[in-house]
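>
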Amino acid sequence: MKKTIYIVAVAIFALSCKEKETSQPVESVEPVDKVTTTPEKQTIQEAMVLFDGSNFDAWKGYGVDEMHEEWSIDGDAMVFTPSGEGGKNIITKGTYKNFILELEWKISEGGNSGIFWGVHESPEFKEAYETGPEIQVLDDERHPDAKVANGTHKAGSLYDMIKPEDGMINPAGEWNRVKLMINHDQNIGKLSLNGKNAFTFPVNGEKWDAMVSKTKFADWEGFGKYPEGHIGLQDHGDKVWYRNITIKEIN
Numbered sequence: 408m409k410k411t412i413y414i415v416a417v418a419i420f421a422l423s424c425k426e427k428e429t430s431q432p433v434e435s436v437e438p439v440d441k442v443t444t445t446p447e448k449q450t451i452q453e454a455m456v457l458f459d460g461s462n463f464d465a466w467k468g469y470g471v472d473e474m475h476e477e478w479s480i481d482g483d484a485m486v487f488t489p490s491g492e493g494g495k496n497i498i499t500k501g502t503y504k505n506f507i508l509e510l511e512w513k514i515s516e517g518g519n520s521g522i523f524w525g526v527h528e529s530p531e532f533k534e535a536y537e538t539g540p541e542i543q544v545l546d547d548e549r550h551p552d553a554k555v556a557n558g559t560h561k562a563g564s565l566y567d568m569i570k571p572e573d574g575m576i577n578p579a580g581e582w583n584r585v586k587l588m589i590n591h592d593q594n595i596g597k598l599s600l601n602g603k604n605a606f607t608f609p610v611n612g613e614k615w616d617a618m619v620s621k622t623k624f625a626d627w628e629g630f631g632k633y634p635e636g637h638i639g640l641q642d643h644g645d646k647v648w649y650r651n652i653t654i655k656e657i658n
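Adding 407 to a residue's 1-based position in the sequence shown gives its number in my numbering.
1) When DSSP labels each residue in this structure, what does residue 448 get in the three-state scheme?
2) Would residue 589 and residue 524 qualify as a contact pair, given that the criterion is a beta-carbon distance under 9 Å?
3) Distance check for residue 559 and residue 601, CA to CA, integer angstroms please.
4) Take residue 615 and list the residues in its own chain whose beta-carbon comes closer than 6 Å to its own, dropping the five residues that flank it on each side.
5) Measuring CA to CA, which of 449, 545, 503, 461 is closest to residue 635?
6) Rounded to whole angstroms, what's the CA-CA distance from residue 651 to residue 555? Just pull it up for me.
7) What does the alpha-carbon distance come out to for the pair residue 644 and residue 520?
8) Does the Cβ-Cβ distance between residue 633 and residue 471 come in under 9 Å?
9) Name the one or two DSSP bridge partners that residue 485 has.
10) On the DSSP letters alone, give me the boundaries of the beta strand (DSSP E) that residue 605 sits inside.
11) Pick from 476, 517, 509: whose alpha carbon is nearest that of residue 580?
12) What is the DSSP secondary structure of residue 585, reduced to helix, strand or coil?
13) Mind checking which residues open and close the alpha helix (DSSP H) that includes residue 614?
14) With DSSP collapsed to three states, give me the class of residue 434.
15) Measure the Cβ-Cβ separation of residue 654 and residue 565 and say whether it is below 9 Å.
16) Note the first and the last residue of the continuous beta strand (DSSP E) segment covering residue 455.
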């Protein structure tokens with residue numbers, strides 16, 4: 408009987424020790440969904456109006472202090488009417504690094520224009536396109552650029568680099584909506600066309616350089632080299648309209 412009591416006591420003691428062992432505090436581990444693996448969260452500022460049909464206060468000609476007279480206001484839109492001189496590109500007075508740009512464009516039949524970002528205004532660069540990458544504005548049906556370069560000159564393309572899917576662009580004479588996000592801190596660009604996601608792309612570093620190396624810009628000294636720059640609109644010798652232009656800075 409005493410032996411039985413002893414065995415039971417030993418068993419109870421062993422169980423008690425086991426419970427104490429398993430109840431010891433365990434070093435805390437950060438849950439996977441809380442581990443920060445991306446840059447610090449950024450804030451999108453309220454939209455700033457770059458053009459609402461009332462004035463050109465936010466704009467100037469590239470390389471000059473005033474606005475080129477070839478650009479005028481037509482209702483709620485700005486319109487470029489070519490004079491034959493060329494080189495009448497315009498840029499924002501402000502510069503931007505990380506941002507969301509939204510606007511609408513309409514091209515004339517057979518027309519060509521473009522939307523630049525990262526434009527560096529300097530006497531060593533005679534044109535905005537020497538530094539600023541471009542989202543193409545084009546009449547795909549009539550302009551020969553749409554038939555070359557594997558589609559990377561078509562409307563909505565990241566010019567000479569990435570083409571959008573077919574059917575994303577409305578034809579000449581109709582409005583198209585563009586939403587362009589550029590974020591150098593997170594090294595990503597995103598483009599949507601008429602409310603549909605078109606493509607994403609790197610905006611700096613080795614991957615960006617690799618893309619540029621396969622284009623006509625490969626040996627251009629300043630192309631895509633300036634994280635902070637002006638937004639630009641192109642004079643390509645054809646009539647074009649832009650409206651509802653806003654920008655949100657990302658901080």
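Each residue gets a CB set at the ideal place from its N, CA and C atoms; glycine is no exception.
Reading it off the structure:
1) The answer is coil: DSSP assigns residue 448 none of H, G, I, E or B.
2) Residue 524 is positioned such that its CB atom lies closer than 9 Å to that of residue 589.
3) Computed Cα separation, rounded: 18 Å.
4) Once the five neighbours on either side are set aside, the close Cβ partners of residue 615 are 609.
5) Nearest C-alpha to residue 635: 503.
6) Rounded to the nearest angstrom, the two C-alpha atoms are 31 Å apart.
7) When rounded, the distance between both Cα atoms is 8 Å.
8) No, these two residues do not count as a Cβ contact at 9 Å.
9) Beta-bridge annotation (DSSP): residue 485 is paired with 480, 649.
10) Residues 603–608.
11) When only C-alpha atoms are compared, the closest one is 517.
12) The answer is strand: DSSP assigns residue 585 an E or B state.
13) Per DSSP, residue 614 is one residue of the alpha helix (DSSP H) stretching across 612–619.
14) Note that residue 434 has pLDDT 30, beneath the 50 cutoff, so the model's placement of it is unreliable and the number below is only indicative. Reduced to three states, the DSSP call for residue 434 is coil.
15) Going by C-beta atoms, residue 654 is not nearer than 9 Å to residue 565.
16) Counting along the chain, the beta strand (DSSP E) containing residue 455 begins and ends at 455–458.
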